[in-house]
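Worksheet: the structure to be examined is printed underneath.
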Amino acid sequence: MGESVIPLTDLRTRATPARVPAVPIPATGLLSDRLGRPLRDLRISVTDRCNFRCSYCMPKEVFDRDYRFLPQSSLLSFEEITRVARLFVAHGVVKLRLTGGEPLLRKGLEVLVQQLAALRTPQGEPLDITLTTNGTLLARKAVALREAGLKRVTVSLDALDDDIFRRMNDVDFPVADVLAGIDAALAAGLAPIKINMVVKRGTNDHEIVPLARHVRERFGPGAVLRFIEYMDVGATNGWRLDEVLPSAELRARLHAAFPLEPLPAAAPGETAERWRYADGGGEVGFISSVTQAFCGDCNRARLSTEGQLFLCLFATRGHDLRSLLRGGASDADIASAIGLAWQERSDRYSELRGSGTAEAGSGERRVEMHYIGG
Ligand code: SAM
Ligand code: SF4
Ligand code: SF4
8 MGESVIPLTD
18 LRTRATPARV
28 PAVPIPATGL
38 LSDRLGRPLR
48 DLRISVTDRC
58 NFRCSYCMPK
68 EVFDRDYRFL
78 PQSSLLSFEE
88 ITRVARLFVA
98 HGVVKLRLTG
108 GEPLLRKGLE
118 VLVQQLAALR
128 TPQGEPLDIT
138 LTTNGTLLAR
148 KAVALREAGL
158 KRVTVSLDAL
168 DDDIFRRMND
178 VDFPVADVLA
188 GIDAALAAGL
198 APIKINMVVK
208 RGTNDHEIVP
218 LARHVRERFG
228 PGAVLRFIEY
238 MDVGATNGWR
248 LDEVLPSAEL
258 RARLHAAFPL
268 EPLPAAAPGE
278 TAERWRYADG
288 GGEVGFISSV
298 TQAFCGDCNR
308 ARLSTEGQLF
318 LCLFATRGHD
328 LRSLLRGGAS
338 DADIASAIGL
348 AWQERSDRYS
358 ELRGSGTAEA
368 GSGERRVEMH
378 YIGG
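Numbers 8 to 381, taken from the working numbering, label the letters of the sequence shown in order.
Set out below in structure tokens:
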């Protein structure tokens, strides 16, 4: 696969040094970007490694035995992550999501959860701390994570059928183990659980109704199944528009099996459109990044595994915070650098997708999702 042999490592070194402005930008919690959007949600990638090779995220042909993942020394330490998170919280972040790669592969993750759980908003409130995982290690770790202060988890699950599931994770991992992980998480009190299904037309779209039925019957209202449109993230997944199943079509298919009713959004900036089963069987969500962009109130920032700040899932460049962290910068300087980056943000890739504008495609390769965190 000649075309896939691309210098992916270059993606990770093309960081823009984070700029510390001459006039400090104090953390007031009132930060706003160029489009008037506040900063509320920080996603933290704790590892670029994963034990799955989902073709839409880390295709095996690219992320093979020769692929060089980040060395341990490049990764932000738990203390560095907590320091940066604290500064983001001072700027208004109220929600932290640990992700990756597969976050549960990061050794001792519960220690990081404990450190983050001790943070408070300027109003003295605890943060909403959650984690997105493929669920493979959840059965083993759910209790420790809950005890460390994790509130909720999101588990990715693309099929109920074992053959299809094994094909999609591309490492022959059985679906039963992920379902057992969800059971363990619910038993540990990590509820409600969100279950994310990325839908690819022709690959797993016939699994929509069986998975919905199973989630309703097995987990009840303790789990919310969310359908994600297959996105053109990164530069390696060979994305094609004809493999995207628009949420409207998906919802119609689900509605035919289980009638649905719309629900109001729970919070501004929420990615999923919420619906509920008319028979009281619980809630479902639709994340329609491709057919119904939600950039207008996007309040999410991402911190990469090695400490680069990304302002959009489809960004091509990050702002290097690690150099500041390791170069002796003060909290005030780092907070100012974060503030400046956010104030200058105008990203709205999903709204511009396909419009052919310069902003939608700068010609540079987009950074990979497992590196900046989903
Ligand atoms: N490994 C963890 C997992 O799979 O849950 C966390 C990281 S993963 C990058 C985060 C989320 O991104 C998952 O729910 C995954 O399904 C989703 N994702 C990855 N690539 C995607 C794509 N091309 N389109 C839509 N969602 C994608
Ligand atoms: Fe791994 Fe998650 Fe990406 Fe799948 S989606 S390859 S589980 S990081
Ligand atoms: Fe936010 Fe970028 Fe996604 Fe738009 S495309 S919702 S700006 S992350």
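Ideal placement from N, C-alpha and C gives every residue a C-beta, glycine not left out.
- For Gln-121, no beta strand (DSSP E) segment is defined; the enclosing uninterrupted segment is the alpha helix (DSSP H) at 116-124.
- For Lys-158, the three-state secondary structure derived from DSSP is coil.
- By the beta-carbon neighbour count (other beta carbons within 10 angstroms, threshold 16), Gly-289 is buried.
- A Cβ-Cβ separation of about 12 Å leaves Cys-61 out of contact with Met-238 under the 8 Å criterion.
- With a contact defined as Cβ atoms closer than 8 Å, Arg-41 and Ser-353 qualify at about 4 Å.
- Judged by beta-carbon spacing, Ile-88 lies beyond the 9 Å limit of Arg-309, meaning their Cβ atoms are not closer than that value.
- In this structure Asp-179 is exposed. Its beta-carbon is surrounded by fewer than 16 other beta-carbon atoms within 10 angstroms.
- Put simply, the backbone Cα of Ile-136 is about 11 Å away from that of Leu-119.
- Taking a C-beta distance under 9 Å as the contact criterion, Asp-177 and Lys-102 do not qualify as a contact pair.
- In this structure, Ile-235 has its CB closer than 8 Å to one or more heavy atoms of ligand 1.
- The bridge partners DSSP lists for Val-251 are Lys-207.
- Secondary structure note for Ala-183: its alpha helix (DSSP H) is the uninterrupted segment 182-194.
- The secondary-structure analysis by DSSP pairs Trp-282 across a beta bridge with Pro-269, Val-291.
- Secondary structure note for Ile-215: its alpha helix (DSSP H) is the uninterrupted segment 215-226.
- Going by DSSP, Ser-343 is part of no beta strand (DSSP E) but of the alpha helix (DSSP H) stretching over 338-350.
- In this structure the stretch 288-308 lies against the stretch 259-278, because at least three pairs of beta carbons, one per stretch, are closer than 8 Å.
- About 5 Å separates the Cβ atoms of Phe-76 and Arg-56, confirming a contact at the 8 Å cut-off.
- Between Ile-171 and Thr-210, the C-beta gap is smaller than 9 Å, which places the two residues in contact.
- Per DSSP, the continuous alpha helix (DSSP H) segment holding Val-96 begins and ends at 85-97.
- Nearest Cα to Thr-243 within the set His-377, Gly-227, Leu-167: His-377.
- A straight line joining the alpha-carbon of Glu-351 with that of Ser-39 spans about 9 Å.
- With three or more CB-CB distances shorter than 8 Å, the stretch 150-161 counts as touching the stretch 186-196.
- For Pro-45, same chain residues with a beta-carbon under 7 Å away, outside a window of 5 residues either side, are Leu-38, Ser-39, Gly-99, Asn-306 in chain order.
- Within the DSSP secondary-structure output, Leu-310 pairs in a beta bridge with Ile-51, Leu-316.
- For Glu-236, the enclosing beta strand (DSSP E) starts and ends at 230-236.
- By DSSP's assignment, Arg-104 forms a beta bridge with Arg-50, Thr-137.
- If you check the CB distance, Ile-189 and Arg-233 do not come in under 9 Å.
- Scanning Met-65, Gly-241, Ser-337 for the CA closest to the CA of Glu-371 turns up Gly-241.
- Residue burial annotation: Asp-165 is buried, with at least 16 other C-beta atoms found within 10 angstroms of its C-beta.
- By the CB criterion at 9 Å, Val-162 and Val-185 fall inside the cutoff.
- At the C-beta level, Val-182 and Ile-202 stay beyond 9 Å of one another.
- Taking 9 Å as the cut-off, the Cβ atoms of Gly-115 and Thr-54 do not count as close.
- Beta-bridge pairing by DSSP links Ser-163 to Asn-203.
- Residues lining ligand 3 by the Cβ criterion, that is a Cβ closer than 7 Å to any of its heavy atoms, are Ser-296, Ala-300, Phe-301, Cys-302, Cys-305, Arg-307, Cys-319, Leu-320, Phe-321, Asp-354, Arg-355, Tyr-356, Ser-357, Glu-358 in chain order.
- Set against 8 Å, the gap from the CB of Gly-381 to the closest heavy atom of ligand 2 is smaller.
- Relative to ligand 1, the nearest heavy atom lies less than 8 Å away from the CB of Phe-59.
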